Structure formats: structure tokens, C-alpha cells
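*Asks:* Numbering (this note's numbering), first residue to last: 9 to 512.
For glycine and all other residues, C-beta sits at the position ideal for the given N, C-alpha and C.
Keep in mind it's a predicted model, so treat the numbers as computed, not measured.
Okay, here's the structure, questions in a sec.
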């Protein structure tokens, strides 16, 4: 065949339906936005695909995988838009992305394929499955050309997503550390499909289950054997890829739950058998609830008792109820209040979102004393504003976070941001002059990824629960139209699966 032409793009955001804040194009542009040749350069070897976050992610992997499968391929970069997890997309934002995708595909000329990087747990005003809508739009624009998509394993599978694509891959690790390989697998399978070397046939199952698997970490029991099963399936003869989706707890999709997906090379019966087998193994994980977690006061006691950990590094306390990495607003004051009142003998770094305070203090000179409230402005019903008194120590503009202030509150150094404070990497603090190794406690707003990024500094991890948008039982506050585990007693997942997938 002639030299294949394949386009690639990203539209990625993880939605928390409990957030009162709408996600707009400005949120994407502030966090990550590349177009055309700039996108291709960012994804080439030596490039930096997601500055401030990841050097190599799905689209870098796609570029390498596509070239491995077909060195003569012509890659056509469209655009890459990535936002920090947050509230639902506004209807205008979704419409803008759909229009942009259609226009770019038309402008690209004849294509043999398209690769899209998405999260899989995006929702929008008036649309519970906007990614399905976008994939359907791409399918319509592409005609007979092949379509691949990569998802986060916390994505939500739907008929619109699955039926629109030829190739579907997802992360196979948690904490996620295989963004690149997920994209690379997608690129390889897509180009092998275009060139006729493989004939992908897929099957999937969906489970009425939103919790299970204990901590959900791939290297710990009980999930370790299940993640191993996924990887082993991917290595089997005639199997092109296998995926397990454990869903996003704070999504209000009407058919929320875990899913499995298997792609084989021209063997549909095998794909069905393996997707069923993997789903049954996943269903058994419902017997393992999340671990009991300490409140803020107990977490502080545990950090204080971890004397060796504090002497040799820092203790990371994950603010479980206000995880920006799972779409929370990032302005909770509950843990901060406990640190101020109960950890006076410890040095702590903590973040909070307060764009109003940043605006008021931005022109003030360093050394200015501030006395007033922080936080609790966007969702005061979740956490109230907290009175503080501190000294403005530093003002910095950082990629992805915009303007940031450091308020010296004595034993607590408070980083105030105008954007969601995704405190996930040590650089969140070091970039504003706060070395994590000098802190007894570093508060993070991430569930899993911080474990990788903070590995050189973190000597002990504590998850603290207060009250907020990312509590592990916050799904109880979301509407549900059908029975699911753990809210309801269920022995068999298959009737729900058949209705969701097949409408019967």
C-alpha cells in the first residue's frame, strides 16, 4: 500500500461530578495545549510532551509505536488539550472540541487512521458520555479510516466508545506509570491494522460495581494477581491487548462500574471468552473494601510518631477528601485547620486554592502581613473559610498553576494558588522555595501518582479523611438509576452487563 497517513490528537480531562466548577477551554489552555508541528516536536524523542507533568505520555508512545510498525508512516499532528481533573465540561467547551476535531480532520486531507488520547471519565453539562460523542464524530469524519483510542484505567466504557473505534488500549498499572506504553501499543496495533498485518476483533464486559480491590494498587494484594492476569492476557497468542477499567468513583455516568476489554487478531470467540473470564475475576474483587482511613487528627499523630521517617525525609499526607488529582476543587480547610492547631511541633507544607486571595496579594510586597480567611470560597458548604494570620514570603508564576503565593503561618508554609493545586510532585513545593526534605509533613492532593514522584523524599504515606468531594463513599451523594455494588446486594453481574451492552 501507499505511505499511510495517520493523525493524532488528545482531548483529556477526568470529571468529578460533585465539583461546582465548570471546566472550560481556558482550563485546558492553562494546563496543556499544543497544536500542529509543536505537538509533533513535543512527542518526538527528546521532546517534552506534557511540561511540568510527564516527559513521555500516550502520544509520545503512539509516535514511537506507529513508526516501529510502519517506519514510512506520515504522522499528522492535530492538537493536544489536557486539563487538570475538575468539574464537568461546559456545554460550550464540548461543542468547541467537537467542532475543532471535525475541522482539523477535514483540513488534514485523506487519512488512513486517527489516534485519540482521552481519559475515559469525562462528563459535560447535558451529556454523560461526551467522549463517546467525540469518538462518534471522529468516526463519521474518518469514514473507512481506522480509529484508535487510549484511556486511563479509571475510564468508563460505554457502547458509544467501544463501537466507534477499531483499537482501544488503557493503562495496565496503578499508580499509572505506563502512559507511554499504552500509547505505544495503540500506535503499533493501529498501524498493523492499517497495513493489514492484523484484524482486530474486540469484546468487552461491564460490571455494576464501583468499589473493590482494597487499595487498588497493582503491586499489592488483592489486585496484584488481577493486574498480572491483564498483562498475561496481552502476551497470549492471538491477543493484541487486554484492559481492566476500575472506573472513576466520582462520576455520575448512569451506568457507572468496572469494565474489561480484550482485542484479538481475528478471533471474536476468543475475545468474548477472555473478556468474560477477566470480568468474573474482577467481580470477585468486590469482597475487598477500601481500608479504613484515619481522620486528620489521627494522621497527624501517626506522622509525629514516624520520627525516623521525618529525620530521613518527609511524611506525605494525602488529603483524601480534597484530591485535586481526582477532580476536587482544592480549597478544603479541614486538614489545614488540624495542622495549624494540632501539629505546632512539626513543619508542614500545605496547598490551597484561593484565586481571590492571590489577586489581592499579588501586588503586595514580600513581607506583607495578611490576616483574614483562606479557602472555602467556591464550595463553602463542603469546607468553611479558615481565618489565618501569616506573612507573604514569595510570589511565583508556575506552568500549569498560574500565580502562586507562599504564606508563612509559622509551623505551616501555605502555598496559595489561583488554579487547582495539584500537589503531586516535589516540584510543586520546591518551585516556590520549599524543599520537601526540610518538611516533616508534605500535604499532597493526589491519590496514587504522588507515590512515584515523591519516591526519593517520601518515607511514609498517610491517607487522611475529613469531608469532601473525593471521599471514598461520596458516590452515595450521586444519583443512581440501577442497583450496584456496594450499595446493593448482588450475586450476578451478567444481567446488568447484557442490558448495558446489548439492551436486553
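1. Taking the alpha-carbon of residue 239 as reference, which of 230, 250, 135, 245 has the nearest alpha-carbon?
2. Which residue marks the beginning of the beta strand (DSSP E) containing residue 395, and which one marks its end?
3. Can you round the beta-carbon distance between residue 155 and residue 173 to whole angstroms, since I take them to be within the 8 Å contact cut?
4. How many angstroms separate the CA atom of residue 309 from the CA atom of residue 461?
5. Take residue 89 as the anchor and find which of 73, 109, 74, 82 has the nearest alpha-carbon.
6. Measuring only the C-alpha atoms, how far is residue 302 from residue 185?
7. Should residue 15 and residue 85 be called a contact, given that it needs their Cβ atoms to be closer than 9 Å?
8. Look at the alpha carbon of residue 64 and the alpha carbon of residue 402, and state the distance between them as a whole number of angstroms.
9. Whose C-alpha, out of 370, 404, 273, 409, is nearest the C-alpha of residue 338?
10. Looking only at its own chain, which residues have a Cβ that is under 6 Å from the Cβ of residue 1, when we skip the five neighbours before and after it?
11. Find out if the Cβ-Cβ distance for the pair residue 312, residue 467 is shorter than 9 Å.
12. According to DSSP, is residue 92 helix, strand or coil?
13. Taking only the alpha-carbon atoms, compute the straight-line gap between residue 269 and residue 179 and give it to the nearest angstrom.
14. In or out: residue 377 buried (at least 16 other Cβ within 10 Å) or exposed?
15. Which one or two residues does DSSP pair with residue 483 in a beta bridge?
16. Is it right to say residue 465 is buried, meaning 16 or more other beta carbons lie within 10 angstroms of its own, or is it exposed?
17. Report all residues from its chain with a CB closer than 6 Å to the CB of residue 138; omit the five preceding and five following residues, and keep chain order.
18. Runs of 3 residues minimum, wholly inside the segment 453-508: which ones carry the beta strand (DSSP E) assignment?
19. Return helix, strand or coil for residue 337, following the three-state DSSP convention.
20. Could you give the DSSP three-state label for residue 324: helix, strand or coil?
21. What does the alpha-carbon distance come out to for the pair residue 237 and residue 286?
22. Identify whether residue 185 lies in helix, strand or coil by the three-state DSSP scheme.
23. Could you work out which residue in 342, 279, 273, 276 is closest to residue 305 when comparing CA atoms only?
24. For residue 336 versus residue 199, is the C-beta distance shorter than 9 Å?
25. In angstroms, rounded to a whole number, what distance separates the CA positions of residue 41 and residue 450?
26. Can you check DSSP and say which residues form a bridge with residue 347?
27. What do you get for residue 413, buried or exposed, if any count of 16 or more other CB atoms within 10 angstroms of its CB means buried?
28. Check whether the segment 218-236 and the segment 91-98 are in contact - that is, three or more C-beta pairs closer than 8 Å.
29. For residue 416 and residue 320, I'd like the C-alpha separation in whole angstroms.
30. Got a sec, what are the start and stop residues for the beta strand (DSSP E) residue 5 sits in?
31. Does the segment 222-233 come close enough to the segment 277-284 that 3 or more CB-CB pairs lie under 8 Å?
32. Provide the residue(s) that pair with residue 423 in DSSP beta bridges, ordered along the chain.
33. Have a look at residue 331 and residue 203 and give me their C-alpha separation to the nearest angstrom.
34. How far does the beta strand (DSSP E) with residue 8 in it reach, from first residue to last?
35. Looking at residue 452: is its Cβ nearer than 9 Å to the Cβ of residue 362?
36. Between the alpha carbons of residue 175 and residue 44, how many angstroms are there, rounded?
*Replies:* Taking the structure as given:
1. Translated into the one-based positions of the chain shown, residue 239 becomes position 231. Taking only the C-alpha atoms, the option nearest residue 239 is 250.
2. In the chain shown, counting from the first residue as 1, residue 395 sits at position 387. Here the beta strand (DSSP E) through residue 395 covers 394-406.
3. Translated into positions along the chain shown, residue 155 becomes position 147. Translated into positions along the chain shown, residue 173 becomes position 165. Right, their Cβ atoms sit about 5 Å apart.
4. Residue numbering aside, residue 309 sits at position 301 when the chain shown is read from its first letter. Residue numbering aside, residue 461 sits at position 453 when the chain shown is read from its first letter. Computed Cα separation, rounded: 25 Å.
5. As a position in the chain shown, residue 89 is number 81, starting the count at 1. Residue 109 is the option with its Cα nearest to residue 89.
6. In the chain shown, the residue the question calls residue 302 occupies position 294. In the chain shown, the residue the question calls residue 185 occupies position 177. Distance between the alpha carbons of residue 302 and residue 185: 27 Å.
7. To locate residue 15, count along the chain shown from 1; it is residue 7. To locate residue 85, count along the chain shown from 1; it is residue 77. If you check the CB distance, residue 15 and residue 85 come in under 9 Å.
8. Taking the chain shown and counting its residues from 1, the one referred to as residue 64 is at position 56. Taking the chain shown and counting its residues from 1, the one referred to as residue 402 is at position 394. Distance between the alpha carbons of residue 64 and residue 402 is about 31 Å.
9. As a position in the chain shown, residue 338 is number 330, starting the count at 1. Out of 370, 404, 273, 409, 409 has the C-alpha closest to the C-alpha of residue 338.
10. Nothing can be reported for residue 1: it is not among the residues displayed for the chain, which extend from 9 to 512.
11. On the chain shown, position 304 is the one that residue 312 refers to. On the chain shown, position 459 is the one that residue 467 refers to. Not a contact, by the Cβ cut-off of 9 Å.
12. As a position in the chain shown, residue 92 is number 84, starting the count at 1. Correct three-state label for residue 92: coil.
13. On the chain shown, residue 269 is found 261 positions in, with the first residue counted as 1. On the chain shown, residue 179 is found 171 positions in, with the first residue counted as 1. Going from the Cα of residue 269 to the Cα of residue 179 covers about 12 Å.
14. For the purposes of this step, residue 377 is taken as the residue at position 369 of the chain shown. Under this definition residue 377 is an exposed residue.
15. Translated into the one-based positions of the chain shown, residue 483 becomes position 475. Residue 483 pairs with nothing; no bridge assigned.
16. As a first step, residue 465 is located in the chain shown; it is residue number 457 there, counting from the start. That one is buried.
17. For the purposes of this step, residue 138 is identified with residue 130 of the chain shown, where counting begins at 1. 102, 130, 132.
18. The qualifying runs are 466-472.
19. Residue mapping note: residue 337 aligns to position 329 of the chain shown, counting from 1. If DSSP states are grouped into helix, strand and coil, residue 337 belongs with coil.
20. The count along the chain shown starts at 1 and reaches residue 324 at position 316. Residue 324 falls in the strand class under three-state DSSP.
21. For the purposes of this step, residue 237 is taken as the residue at position 229 of the chain shown. For the purposes of this step, residue 286 is taken as the residue at position 278 of the chain shown. Going from the Cα of residue 237 to the Cα of residue 286 covers about 8 Å.
22. Here the question's residue 185 lines up with position 177 in the chain shown. Coil at residue 185, not helix or strand.
23. Locating residue 305 in the chain shown gives position 297, counting from the first residue. If we check each option's Cα against that of residue 305, 342 comes out closest.
24. Numbered from its first residue, the chain shown carries residue 336 at position 328. Numbered from its first residue, the chain shown carries residue 199 at position 191. Against a cut-off of 9 Å, the Cβ pair of residue 199 and residue 336 comes out as no contact.
25. Locating residue 41 in the chain shown gives position 33, counting from the first residue. Locating residue 450 in the chain shown gives position 442, counting from the first residue. Taking the straight line joining both Cα atoms gives about 29 Å.
26. As a first step, residue 347 must be located in the chain shown, where it is residue number 339. Note: residue 347 sits in no beta bridge, so no partner.
27. Numbered from 1 along the chain shown, position 405 holds the residue referred to as residue 413. So residue 413 ends up on the buried side.
28. no
29. Here residue 416 corresponds to residue number 408 of the chain shown, with the count starting at 1. Here residue 320 corresponds to residue number 312 of the chain shown, with the count starting at 1. If you take the alpha carbons of residue 416 and residue 320, they lie about 24 Å apart.
30. Because the chain here runs from 9 to 512, residue 5 falls outside it and cannot be looked at.
31. Fewer than three pairs of CB atoms, one per stretch, sit closer than 8 Å, so the segment 277-284 makes no contact with the segment 222-233.
32. As a position in the chain shown, residue 423 is number 415, starting the count at 1. DSSP output for residue 423 lists 359, 414 as bridge partner(s).
33. The count along the chain shown starts at 1 and reaches residue 331 at position 323. The count along the chain shown starts at 1 and reaches residue 203 at position 195. The straight-line gap from Cα to Cα measures roughly 43 Å.
34. The structure shown does not extend to residue 8, since the chain spans only 9 to 512, so no value can be given for it.
35. The residue labelled residue 452 in the question sits at position 444 within the chain shown. The residue labelled residue 362 in the question sits at position 354 within the chain shown. At a Cβ-Cβ threshold of 9 Å, residue 452 and residue 362 do not count as neighbours.
36. The residue given as residue 175 occupies position 167 in the chain shown. The residue given as residue 44 occupies position 36 in the chain shown. In a straight line, the C-alpha of residue 175 is about 23 Å away from that of residue 44.
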